[in-house]
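First the structure, in the form of structure tokens, and then the observations on it.
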Amino acid sequence: MLRAPSPSSSLRFTQGPLRLALATALTCAVALSLTACGKDKAKTEAAATTEPLQIAPEDLRHMSVGAYAVGPVITGSIQPEKRADLRAEVSAVVQQVLKENGQQVKKGELLVRLDDTSIRDGLASADEAARASAQTFEQAERQYQRLKTLQAQGMSSLQALEDAELRRNGAQSDLVAAKARVVTARQLLQRTEVRAPFDGVVSERKVSIGDTAQVGKELVKVIDPRSMRFEGLVSADRMHELKVGQQVNFRVNGYSQSEFVGKIRRVDAAANATSRQVEVLVDFADGKGPDVAGLYAEGRVESGTVRSLMLPEASLLRSGDEAYAWRVKDGKLAKVKLDLGERDARRGEYAVRNGLNEGDQVLRSPGSNLKDGQAVKLVATPPVNAASVVKPAASSTASGK
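Just so you know, the sequence shown maps onto residues 36 to 436 in the numbering used here.
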């Protein structure tokens with residue numbers, strides 16, 4: 036006997052296909068949504084790449100010919116003209132060191148005192164010997180004068196007078212020698228006190244209390260920071276370009292001021308036999324130089340001028356050893372490879388030998404997200420600096436909607 040299916044069994048049979056249909060519909064909806072989003076994003080990126088870059092007139096640099104200084108490179112260090120290496124002139128133990136590195140000193144001020152005990156003993160002995168020699172000379176002088184009187188009266192022989200004169204002369208020589216020994220001993224005593232030869236600064240202290248200072252040993256170094264100058268070297272093959280009075284632009288490592296200006300005071304007549312370089316002394320033009328000696332300096336002697344296109348570092352794009360610039364022409368950007376020449380130390384700009392022509396327009400401060408061939412649009416007042424930040428022309432319009 037056949038039975039009709041119950042409602043519950045019919046529901047069980049239909050649940051499986053229904054679930055499958057719902058899952059399929061949901062998957063298709065998600066796929067269509069993702070496809071639509073991807074297309075919208077691609078369209079947005081494509082629109083962004085095709086939209087022109089806004090550039091203001093102040094973001095462009097017009098290439099023009101300018102003059103820049105050329106000349107031989109000079110390297111060296113900052114050194115004081117007035118400097119003194121104070122050394123021991125007597126052998127003695129260091130008793131006092133009164134100044135440290137960097138401390139200012141006045142002319143005649145005591146810097147180092149050496150032990151003078153033995154020298155004072157020698158001075159006392161020399162004084163005593165000088166007094167004894169003086170007494171001997173006085174006695175010989177009286178004896179000579181007495182015999183001279185007696186010989187004139189015929190009461191003494193000529194031989195006795197001559198012997199007395201010889202004794203007097205010998206005593207006089209001994210007295211002179213004794214006085215010289217006293218002077219020497221006093222000079223040695225003075226040399227136990229090392230004093231500053233001029234107003235300046237202690238640049239280096241070489242000894243400490245208790246050290247044994249032999250004759251010639253370095254004790255302290257004193258410099259006058261007001262007498263600083265640039266002691267540089269120039270290649271001998273460019274010696275013919277150097278003249279007294281020429282301007283020198285140079286930088287000093289580790290000093291806050293970016294650039295110094297000086298003038299050549301002296302050019303050595305002979306090159307160094309080892310380095311084949313010529314020493315050049317340069318005075319600071321304004322008389323104000325670094326207060327620290329020994330700093331490395333490098334610059335260029337202005338021996339002539341050359342006319343060329345000039346471009347600052349901010350307008351250059353570096354890639355390894357090569358340099359590029361972004362030229363704006365016919366409403367598009369072009370990445371141009373440059374052949375750079377020497378750098379003008381006064382203006383900080385490089386000479387452009389090849390790659391650009393007079394009248395070309397380049398970005399003054401290009402950013403890193405520019406593209407070759409990208410369209411540009413010149414506007415009066417862009418919302419941002421287009422030379423440093425890529426800002427499409429339509430982006431501002433889109434943001435305002």
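Yeah, the Cβ is synthetic: ideal placement off N, Cα and C, and Gly gets one too.
- Counting only residues of its own chain and dropping the five nearest sequence neighbours on each side, Lys256 has a CB closer than 6 Å to the CB of Asp120, Ser238 and Glu239.
- Counted as a single uninterrupted DSSP element, the beta strand (DSSP E) harbouring Ser270 occupies residues Met263 to Ser270.
- When C-alpha distances from Ala328 are compared across Ser112, Val105 and Val100, the shortest belongs to Ser112.
- Nearest Cα to Ala305 within the set His97, Ala271 and Gly280: Ala271.
- It is roughly 38 Å from the alpha-carbon of Arg221 to the alpha-carbon of Leu196.
- Between the stretch 126-138 and the stretch 244-261, the count of Cβ pairs shorter than 8 Å is three or higher; the stretches touch.
- Distance from the CA atom of Val363 to the CA atom of Asp395, rounded to whole angstroms, is 8 Å.
- Shown here, Glu384 sits in a strand according to DSSP, grouped into three states.
- Using a 10 angstroms sphere on the CB of Val100, the tally of other CB atoms stays under 16, which defines it as exposed.
- The shortest CA-to-CA distance from Gln281 to any of Arg96, His97, Gly106 and Leu88 is the one to Gly106.
- In this structure, Gly137 lies away from Arg230, with their beta-carbon atoms at least 8 Å apart.
- Under a 10 Å Cβ-count criterion, Pro115 is classified as buried, with 16 or more other Cβ atoms of the shown protein chains found around its own Cβ.
- Beyond the five residues adjoining it in sequence on each side, Gly376 comes within less than 6 Å, by CB distance, of Ala386 and Arg388 in the same chain, given in chain order.
- By the beta-carbon neighbour count (other beta carbons within 10 angstroms, threshold 16), Tyr103 is buried.
- CA-to-CA, the gap between Ala206 and Ala164 works out to about 12 Å.
- Under the three-state reduction of DSSP, Asp365 is assigned to coil, being neither helix nor strand.
- For Gly339, the CB contacts under 7 Å within the same chain, skipping 5 residues up- and downstream, are Val105 and Gly106 in chain order.
- Under the three-state reduction of DSSP, Leu405 is assigned to coil, being neither helix nor strand.
- Below 8 Å, enough C-beta pairs join the stretch 259-271 and the stretch 307-314 to call them touching: three or more.
- It is roughly 8 Å from the alpha-carbon of Met263 to the alpha-carbon of Asp318.
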